[in-house]
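Residue numbers (our numbering): 1412 to 1869.
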């Protein structure tokens, strides 16, 4: 036998054994590698669905916030609002732009009805609720699942937020159009619940100013608070000062109209209770004309306007009003004035005790347009709140103005000061809702397995 042939066959055998060994080893290694690859693929897929479910739940929260803020005419399409304690949007499918089903979501709003104090005004005594105090903190729960909520293996997220109502007077000094501040105006804040402005350190830096368009500062005005604009905050020159945050491009705030309330107050009001004014020499003089609805107080005269309680204020309708210079309007209790005409309250006039009102005792609501002028010349002091979402408000003079002012167009000038009253945070109509607290809750099956008494999501 040729030794070389034996050696060749031996080498071939060894090579075959080595090939078989390597093949076996590769087979052993490929399986876990493939398993690991599949695991990572599935994990990435689940993570993507997990994140998508969160986004869908967040969209549900935004949907609830939007309906609370803007669906005020019972137009809750797709919602079950038969229960005053909870509004529900039944389980719905979310589709992408191509029409493909992405996932499911459902929404609950607990305690959706605004709390607070309301009065009723209306033609011929019919009830038309008008909120004096609006304190509402509903809870919104949004559940979302990819591809659905119930199927085993679906990725489900549950988000719960506590929302808080922001009233129109919580906006402080706000204009739908441009807000213009000039002269040496100072905007700051105080809290009438702590007493008079400036007494015992009752001066704060929450004198916020806002606009759905631009904020224009010309001269040497000071905003001792934040300045927020839907457009830009423009400082003409280098002498204006803003102590807080300055933000542009903010989301537009829709100001609720009051036309229905003004129309109701025309027909149902306490105008018959308006007395004569008293001149400085003690002479009585007419101030209110019942045939025209005009209220005019001559210079130097004093008019004491009867008021009620916070729960039952006096309601007046004025077609227009003029307060002559150095006149005095005393508000004896809580008063709500509805108007659709011009108000011209001139220099030297003292309104609502010139700052010791407090401001919430005098509320002015106007349904006028930008051609309607509400002019407050606070030469001697004005305490009250003004809400005129479409009218032109001008605050001027050398005196102090205490309260809040929200208008279609707001101009502040002169050398006076505007002191926002922080006690007005829950006063007036609800403007919108915002998220106050955000939490992610356990998924339904996790909650159910924790305890037999644990709450379950429906």
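Think of the CB as a built atom: it goes at the ideal place given N, C-alpha and C, for glycine as much as any other residue.
Just so we're clear, the structure is a prediction, and the values are computed from it rather than from any experiment.
Helix, strand or coil at residue i [DSSP, three-state]
| i | result |
| --- | --- |
| residue 1527 | strand |
| residue 1357 | As shown, the chain starts at 1412 and ends at 1869. That puts residue 1357 outside it, with no answer to give. |
| residue 1610 | helix |
| residue 1859 | Confidence at residue 1859 is low in this model, with a pLDDT of 45, below 50, so the placement of that residue should be treated as unreliable; the coordinate-derived value is given next. In this structure, residue 1859 counts as helix in the three-state DSSP scheme. |
| residue 1509 | coil |
| residue 1868 | Bear in mind that a pLDDT of 37 at residue 1868, under 50, signals an unreliable position, so the model cannot answer this. |
| residue 1711 | coil |
| residue 1463 | helix |
| residue 1429 | helix |
| residue 1478 | helix |
| residue 1850 | strand |
| residue 1818 | strand |
| residue 1720 | coil |
| residue 1768 | coil |
| residue 1828 | strand |
| residue 1677 | helix |
| residue 1888 | With the chain covering 1412 to 1869 only, the question about residue 1888 has no answer from this structure. |
| residue 1400 | This structure leaves residue 1400 out entirely; the chain is present only between 1412 and 1869. |
| residue 1835 | helix |
| residue 1578 | strand |
| residue 1757 | coil |
| residue 1589 | coil |
| residue 1486 | coil |
| residue 1783 | coil |
| residue 1550 | strand |
| residue 1845 | strand |
| residue 1584 | strand |
| residue 1654 | coil |
Residue from the options whose Cα sits closest to the Cα of residue i
| i | options | result |
| --- | --- | --- |
| residue 1555 | 1520, 1468 and 1837 | 1468 |
| residue 1784 | 1820, 1815 and 1565 | 1820 |
| residue 1606 | 1823, 1770, 1851 and 1786 | 1770 |
| residue 1806 | 1800, 1825, 1848 and 1799 | 1825 |
| residue 1584 | 1687, 1823, 1847 and 1728 | 1823 |
| residue 1471 | 1459, 1592, 1486 and 1500 | 1500 |
| residue 1527 | 1656, 1730 and 1548 | 1548 |
| residue 1668 | 1587, 1700 and 1631 | 1587 |
| residue 1714 | 1701, 1742 and 1538 | 1742 |
| residue 1752 | 1694, 1733 and 1604 | 1733 |
| residue 1722 | 1603, 1705, 1595 and 1747 | 1747 |
| residue 1706 | 1738, 1768 and 1840 | 1738 |
| residue 1464 | 1522, 1569, 1544 and 1491 | 1569 |
| residue 1601 | 1850, 1817, 1812 and 1462 | 1812 |
| residue 1764 | 1814, 1496, 1777 and 1581 | 1814 |
| residue 1542 | 1779, 1852 and 1835 | 1835 |
| residue 1680 | 1610, 1790 and 1538 | 1538 |
| residue 1458 | 1800, 1749, 1849 and 1567 | 1567 |
| residue 1840 | 1850, 1817, 1490 and 1592 | 1817 |
| residue 1632 | 1491, 1768, 1494 and 1828 | 1828 |
| residue 1654 | 1619, 1685, 1749 and 1687 | 1619 |
| residue 1851 | 1491, 1488 and 1462 | 1462 |
| residue 1685 | 1672, 1694 and 1700 | 1700 |
| residue 1782 | 1800, 1662 and 1474 | 1800 |
| residue 1703 | 1757, 1730, 1720 and 1694 | 1730 |
| residue 1798 | 1776, 1792, 1790 and 1804 | 1776 |
| residue 1491 | 1790, 1694, 1521 and 1604 | 1521 |
CB contact check: residue i to chain B, cutoff 9 Å
| i | result |
| --- | --- |
| residue 1643 | Protein chains in the displayed structure number just one, and chain B is not present. |
C-beta atoms of residue i and residue j nearer than 9 Å
| i | j | result |
| --- | --- | --- |
| residue 1578 | residue 1832 | no |
| residue 1510 | residue 1559 | no |
| residue 1530 | residue 1846 | no |
| residue 1608 | residue 1466 | no |
| residue 1744 | residue 1760 | no |
| residue 1842 | residue 1581 | yes |
| residue 1665 | residue 1480 | yes |
| residue 1626 | residue 1589 | yes |
| residue 1787 | residue 1809 | no |
| residue 1698 | residue 1683 | no |
| residue 1596 | residue 1621 | no |
| residue 1656 | residue 1635 | no |
Cβ-Cβ separation, residue j to residue i (assumed contact under 8 Å), whole Å
| i | j | result |
| --- | --- | --- |
| residue 1557 | residue 1460 | 4 Å |
| residue 1718 | residue 1762 | Rounded, the Cβ-Cβ distance is 13 Å, inconsistent with contact. |
| residue 1517 | residue 1502 | 4 Å |
| residue 1545 | residue 1574 | Their Cβ separation, rounded to whole angstroms, is 13 Å, which puts residue 1545 and residue 1574 out of contact at 8 Å. |
| residue 1696 | residue 1709 | 6 Å |
| residue 1592 | residue 1646 | Contact flag wrong, Cβ pair sits at about 10 Å. |
| residue 1849 | residue 1572 | 5 Å |
beta-carbon residue i near the ligand GTP non-hydrogen atom, thresh 8 Å
| i | result |
| --- | --- |
| residue 1521 | The ligand GTP is not among the ligands present in this structure, which contains no ligands whatsoever. |
Quiz item: Pairing CB atoms from the stretch 1602-1615 with CB atoms from the stretch 1640-1660, are three or more of them under 8 Å?
Solution: no
Quiz item: So, do the stretch 1631-1641 and the stretch 1549-1564 have three or more beta carbon pairs nearer to each other than 8 Å?
Solution: no
Self-check item: Inter-stretch contact at 8 Å, needing at least 3 Cβ pairs: the stretch 1724-1733 / the stretch 1665-1682
Solution: yes
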